[in-house]
Amino acid sequence: MKAKPGRLKRYVWIAIGLLIAALLIKWLFFPSAPPPTFATATVKRGDLENSVLASGTLEAVRQVSVGAQVSGQLKSLKVKLGEEVKQGQLIAEIDDMTQQNELRNVQAALETRRAELRAKQATLKQAEQAYARQRKMLAADASSRESFESAEATLNVTRADIVALQAQIAQAEIEVDKAKVNLGYTRIVSPMDGKVVAIVTKEGQTVNSIQSAPTIIKVAQVGTMTVKAQISEADVTRVRPGQKVYFTILGEPDTRHYGVLRAIEPAPDSIQRDESTSALTNTSSTSTSSAVYYNGLFDVPNPDEVLRISMTAQVFVVLGEASQVLQIPSSALGKKGEDGWYTVRVVGEDGQPQARQIRVGMNNNVMAEVLEGLSEGEKVVSADAAPAAGRP
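With our numbering, the residue at position 371 of the sequence shown is 371, and numbering never jumps.
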């Protein structure tokens, strides 16, 4: 018995539908794993540098606070902000009325003591004459011993008074010299050549120098700048005075300023604060939780005065550098063997990676110098890419 043509056709469509459904289920729920992918990098030549990165601050190579050593009102200020000054140049004057009056007082006291000395010296002559006369009269039994002893005592007292007056005159002369010095302090001069970088006290203000010298202006030599770089304790053991350094500033990120590391301070800035010193020595938790930085110092010329005080510097201390060497990304390096060689995966002509041993030189954790094992132009696997996700 033969099947009807309509029924056979219907069976064919049902079979096709089942096949399509099976393929759709497989595609949706059982996707095939994508082939492995990876990122590659080409072995190339270039300059390589290994450096320690630090944050720094610019300071003038020399800066002084010019203060007042006497109290009084600032009568006049002779300089302006940014003005160049010379050593010994008058920069300010304090009202000197008090100092002039003090000088007159001590000068008058000195003259009084000198007049007293002259009078006492005249008295001494009389006492000497009376003593000599009483001694002769006593020898001739023309006077009593009591009168002689009285004349002798008067002579000795007069001599002692003269010694005391001479000491008082010396003290008064010191007071006069001191008053003259204080009067001179009312004229404030610059202690060095430099530029006025700050005016702290304005004209008309009263300054009090009893406890400390109040600052009038600040003068700095900005033709050379000192960079104070904060080097982490993790890196400070790798840097040494004499190493090459360079830095950039925010305003000119593409311009490098070069210098040579002059010194590394032996202790962090926190040692200057008593509480920090106590914490470092007595509290281990504090020392382990806070970062410690050591200041590295170096100088750079600043002829155009582009560099300014308190600018932030991105500092690089060069530990090593090489020119036009073969290099690959550090991420391409595999495990390091006991012999010091690294394993890398080199992409072959068939596109498949193959393991190879190479010897590495300088490595700054971004790029690594290849000493042996690779040729320029070869490709290495720098990182495995994540496989493409299948449909849910």
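Here a beta-carbon is modelled for each residue, glycine too, at the ideal position from N, C-alpha and C.
- Closest in alpha carbon position to Y258, among L183, L307 and K78, is L307.
- Across the structure, Q205 and E173 are spaced so that their CA atoms are roughly 32 Å apart.
- Membership of S150 in the alpha helix (DSSP H) is indicated by the continuous run R145 to Y185.
- Around the Cβ of L19, a 10 Å sphere holds fewer than 16 other Cβ atoms; the residue is exposed.
- Looking at the DSSP output, A229 sits in a beta bridge with G56 and G296.
- Here the alpha carbons of E372 and V315 stand approximately 32 Å from one another.
- Straight-line measurement puts the Cα of I264 at about 8 Å from the Cα of R240.
- Around the C-beta of I210, fewer than 16 other C-beta atoms lie within 10 Å, and the residue is accordingly described as exposed.
- Taking the Cα of G377 as reference, the smallest distance to any Cα among E349, N363 and E146 is reached at E349.
- For the 8 Å CB-CB criterion, V219 and G242 do not form a contact.
- For the pair V227 and V346, the CB atoms are not nearer than the 8 Å cut-off.
- For I328 against V197, the beta-carbon gap comes to about 49 Å, at or over 8 Å, which does not count as contact.
- Beta bridge pairing from DSSP links I217 with V66 and I199.
- If you ignore the 5 residues before and after T154, its C-beta comes within less than 8 Å of the C-beta of A127, A130 and Y131, all in its own chain and listed in chain order.
- Residue state for S51 is assigned as strand, using DSSP reduced to three classes.
- Along the segment 300-372, the alpha helix (DSSP H) does not occur as any fully enclosed run of 4 or more residues.
- When rounded, the separation of the alpha-carbon atoms in D269 and A229 is 12 Å.
- The criterion of a C-beta distance shorter than 8 Å is not satisfied by G72 and K195.
- In the displayed model, A267 falls within coil according to three-state DSSP, outside both helix and strand.
- I271 is not a Cβ neighbour of V189, given a cutoff of 8 Å.
- Minimum Cα-Cα distance from D339 among the listed residues N156, V360 and A332 corresponds to V360.
- Excluding residues up to 5 positions away in sequence, L103, V106, Q107 and L110 lie with their Cβ nearer than 8 Å to the Cβ of V176 in the same chain.
- The beta carbons of T312 and I231 sit no closer together than 8 Å.
- E93 is positioned such that its CB atom lies no closer than 8 Å to that of K80.
- R62 and W341 have their C-alpha atoms some 50 Å from each other.
- For P266, the number of other beta carbons within 10 angstroms of its own is below 16, and it is reported as exposed.
- Note on Q354: under 16 other CB atoms within 10 angstroms of its CB, so exposed under the neighbour-count rule.
- In the displayed model, Q107 falls within a helix according to three-state DSSP.
- A direct Cα-Cα distance of roughly 5 Å separates A213 from G67.
- Taking a 10 Å sphere around the C-beta of S375, we find fewer than 16 other C-beta atoms and assign the residue as exposed.
- Residue pairing by DSSP puts R45 in a beta bridge opposite L326.
- Between S330 and M367, the CB-CB gap stays under 8 Å.
- In this structure, G351 keeps its C-beta atom at 8 Å or more from the C-beta atom of V317.
- Among the bridge pairs identified by DSSP, S76 is matched with E93.
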